[in-house]
Amino acid sequence: MNAASPSRAGLALVLPLVAFIAIAFLAPIATMLLRSVHDPEIAELMPRTRQALIRWDGTGVPQMATKAVTADLREASATNRIGRLAQRLNRERNGLRALIDVTVRHLEREPDTELTRIDRGWSDPDLWRILARVTSPWTGRHLLNALDVTVTADGALVRQEEARRLYVDLFLRTAWVAALVTLICALLGYPYAYAMAASGPSLRTLLLFLVLLPFWTSLLVRATAWIVLLQRRGVINEGLVAMGLVSETGRLDLIYNMTGTIIVMVHVLLPFFVLPLYSVMAGLPTSYVRASASLGAHPLRTFARVYLPLTYPGVAAGGLLVFILSLGYYVTPALVGGRTGQLISNQIAFHMQRSLNWGLAAALGTLLLLAVLLLALTLPRLAERGGLRA
Numbered sequence: 143m144n145a146a147s148p149s150r151a152g153l154a155l156v157l158p159l160v161a162f163i164a165i166a167f168l169a170p171i172a173t174m175l176l177r178s179v180h181d182p183e184i185a186e187l188m189p190r191t192r193q194a195l196i197r198w199d200g201t202g203v204p205q206m207a208t209k210a211v212t213a214d215l216r217e218a219s220a221t222n223r224i225g226r227l228a229q230r231l232n233r234e235r236n237g238l239r240a241l242i243d244v245t246v247r248h249l250e251r252e253p254d255t256e257l258t259r260i261d262r263g264w265s266d267p268d269l270w271r272i273l274a275r276v277t278s279p280w281t282g283r284h285l286l287n288a289l290d291v292t293v294t295a296d297g298a299l300v301r302q303e304e305a306r307r308l309y310v311d312l313f314l315r316t317a318w319v320a321a322l323v324t325l326i327c328a329l330l331g332y333p334y335a336y337a338m339a340a341s342g343p344s345l346r347t348l349l350l351f352l353v354l355l356p357f358w359t360s361l362l363v364r365a366t367a368w369i370v371l372l373q374r375r376g377v378i379n380e381g382l383v384a385m386g387l388v389s390e391t392g393r394l395d396l397i398y399n400m401t402g403t404i405i406v407m408v409h410v411l412l413p414f415f416v417l418p419l420y421s422v423m424a425g426l427p428t429s430y431v432r433a434s435a436s437l438g439a440h441p442l443r444t445f446a447r448v449y450l451p452l453t454y455p456g457v458a459a460g461g462l463l464v465f466i467l468s469l470g471y472y473v474t475p476a477l478v479g480g481r482t483g484q485l486i487s488n489q490i491a492f493h494m495q496r497s498l499n500w501g502l503a504a505a506l507g508t509l510l511l512l513a514v515l516l517l518a519l520t521l522p523r524l525a526e527r528g529g530l531r532a
């Protein structure tokens, strides 16, 4: 009885945290995963069409479905939802918005007209195959669109036309930027972390303060400060012109492009590399380095063969943390990236806030989440197999 009481008390203390994580973290992720494959909007706007096309064999023009479409279009027009329906269908095939508008206007004048007499587009079996596919509430088309793949009317998977291939390139660009930012953070952060670990208490405190200082400053303020520094009439360009290093007409484009995105991301994410690496360096025994030196090894050889391998766990931890954070970065590219410095997270925000294509946004987010989970699960194991385990 007495042994069980502390367990119940501990469980009661943990429950609020578990509830918070479930509501604020797990529930949104589950909703995103569901939205990427569940899109009932067209099915709700065209319920009769969905039921009629379930029994269709996929050949010719389904006469029962034409009557169902007519009834669904009338109801959508009467409830002021026809614009939303036309927009959603137009995502699946260009020109469907115009077809829906023409059909609805004709039905308002002559309600009993057959669809095939209103427009020849309704005589195309491919159109009915598309309607049969999109009226199903469960779909994989958003995930396919996120991979620049589309489904033809006969169900074949093909690549999107070149003008619409966007997301695979964005994923690759995001991965490239994340890798480059991680590499720059490693080159800058390793000597800084070593200086922190090797310095005396006073200097170490100062260096640690400088690393932690960005955490006490708003990300928006830091991005705004970089805009002031990097713009064509900013501090850096003005200094270069004053020193004669660049001409007045040759000012550097350091902002609103990929260069600005990388510079600001490195500044923001550098502490996330330095701190894990410093924690490893601070705990390393100095006896190994002294033993190597006493055996006559050159300092560079000692560093390469003794000290550097011992710090691999910190490098792996800091690099993985920076890389994963870079994959999902949104604010910095949005503020300083311009047109060429956008990453996949900016497209997710665009579809959530402007195009309102939440299914595609959820699919992009799902693929990004899967990439992060894959990295988080595989890289530590690869590090251990490669001898990076502390």
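Residues 143 to 532 (the working numbering) make up the sequence shown, in order.
Built from N, CA and C at the ideal position, the CB exists for glycine as well.
Original post:
Of all the alpha helix (DSSP H) runs that stay within the bounds of the stretch 265–316, which reach a length of 4 or more residues?
Top reply: 267–276, 283–288
Subject >> For H440 and M407, the rounded distance between their alpha carbons >> reply: In the sequence shown, residue 407 corresponds to position 265, counting from 1. In the sequence shown, residue 440 corresponds to position 298, counting from 1. Taking the straight line joining both Cα atoms gives about 36 Å.
Original post:
Can you give the Cα-Cα distance for Q489 and A503, rounded to whole angstroms?
Top reply: Position 347 of the sequence shown, counted from the start, is the residue given in the question as residue 489. Position 361 of the sequence shown, counted from the start, is the residue given in the question as residue 503. About 8 Å.
Original post:
Among the residues of its own chain, which have a CB less than 8 Å from the CB of D395, if the five just before and after it don't count?
Top reply: Counting from 1 along the sequence shown, the entry for residue 395 is found at position 253. So the list reads R374, T401, once near-sequence residues are dropped.
Subject >> Coil, strand or helix - H493 by DSSP >> reply: For the purposes of this step, residue 493 is taken as the residue at position 351 of the sequence shown. Helix at H493.
Original post:
If you draw a straight line from the alpha carbon of A228 to that of V300, how long is it in whole angstroms?
Top reply: Within the sequence shown, residue 228 is the residue found at index 86, counting from 1. Within the sequence shown, residue 300 is the residue found at index 158, counting from 1. Distance between the alpha carbons of A228 and V300: 24 Å.
Original post:
Rounded to a whole number of angstroms, what is the C-alpha to C-alpha distance between I165 and L159?
Top reply: In the sequence shown, residue 165 corresponds to position 23, counting from 1. In the sequence shown, residue 159 corresponds to position 17, counting from 1. Distance between the alpha carbons of I165 and L159: 10 Å.
**OP:** Note down the Cα distance separating T245 from V291, rounded to an integer number of angstroms.
**Re:** Stepping through the sequence shown from its first residue, residue 245 is reached at position 103. Stepping through the sequence shown from its first residue, residue 291 is reached at position 149. Using only the alpha carbons, I get a separation of about 30 Å.
Original post:
DSSP beta-bridge partners for H180?
Top reply: Taking the first residue of the sequence shown as position 1, residue 180 is located at position 38. H180 pairs with W280.
Original post:
Counting along the chain, where does the alpha helix (DSSP H) carrying D214 start and finish?
Top reply: Counted from its first residue, the sequence shown places residue 214 at position 72. Looking at the DSSP string, the run of the alpha helix (DSSP H) that includes D214 is 205–220.
Subject >> Cβ neighbours of L371 in the same chain (closer than 7 Å, five flanking residues each side left out) >> reply: Here residue 371 is taken as the residue at index 229 of the sequence shown, counted from 1. These residues qualify, in order along the chain: V377, I378.
**OP:** Report the rounded CA-to-CA distance for L350 versus L512, giving the unit in angstroms.
**Re:** The count along the sequence shown starts at 1 and reaches residue 350 at position 208. The count along the sequence shown starts at 1 and reaches residue 512 at position 370. Going from the Cα of L350 to the Cα of L512 covers about 34 Å.
**OP:** Measuring alpha carbon to alpha carbon, tell me which of T366, I397, E380 ends up nearest E390.
**Re:** In the sequence shown, residue 390 corresponds to position 248, counting from 1. The option with the nearest alpha carbon to E390 is E380.
**OP:** Take every Cβ of the stretch 169–180, pair it with every Cβ of the stretch 188–199, and state whether three or more of those distances are shorter than 8 Å.
**Re:** no
Subject >> Enclosing alpha helix (DSSP H) for A240 [first to last residue] >> reply: Along the sequence shown, one-based indexing puts residue 240 at 98. First-last of the alpha helix (DSSP H) with A240: 238–251.
**OP:** Give the C-beta separation of A491 and Y472 to the nearest angstrom, bearing in mind that I take them to be a contact with Cβ-Cβ under 8 Å.
**Re:** Numbered from its first residue, the sequence shown carries residue 491 at position 349. Numbered from its first residue, the sequence shown carries residue 472 at position 330. Indeed they touch by this definition, with Cβ atoms about 6 Å apart.
Original post:
Considering only the beta carbon of each residue, do L450 and A335 sit closer than 9 Å?
Top reply: If you number the sequence shown from 1, residue 450 lands on position 308. If you number the sequence shown from 1, residue 335 lands on position 193. No. Outside cutoff.
Subject >> Where R230 falls, given that 16 or more other Cβ within 10 Å makes a residue buried >> reply: Counting from 1 along the sequence shown, the entry for residue 230 is found at position 88. It is buried - the Cβ of R230 has at least 16 other Cβ atoms within 10 Å.
Subject >> Euclidean distance between Cα positions of M143 and A161 >> reply: Here residue 143 is taken as the residue at index 1 of the sequence shown, counted from 1. Here residue 161 is taken as the residue at index 19 of the sequence shown, counted from 1. Residue confidence for M143 is low, a pLDDT of 49 falling below 50, so the modelled location carries little weight and cannot support an answer.
**OP:** Within the same chain, show all residues whose beta-carbon is closer than 8 Å to that of L382, passing over the 5 residues directly before and after it, in chain order.
**Re:** Here residue 382 refers to the residue found at position 240 of the sequence shown. The residues are V388, R393, L394.
Subject >> Straight-line Cα distance separating A288 from G282 >> reply: For the purposes of this step, residue 282 is taken as residue 140 along the sequence shown, with counting starting at 1. For the purposes of this step, residue 288 is taken as residue 146 along the sequence shown, with counting starting at 1. The straight-line gap from Cα to Cα measures roughly 10 Å.
**OP:** Decide yes or no for the touch test of the stretch 242–259 against the stretch 207–220: beta carbon pairs closer than 8 Å, at least 3 of them.
**Re:** yes
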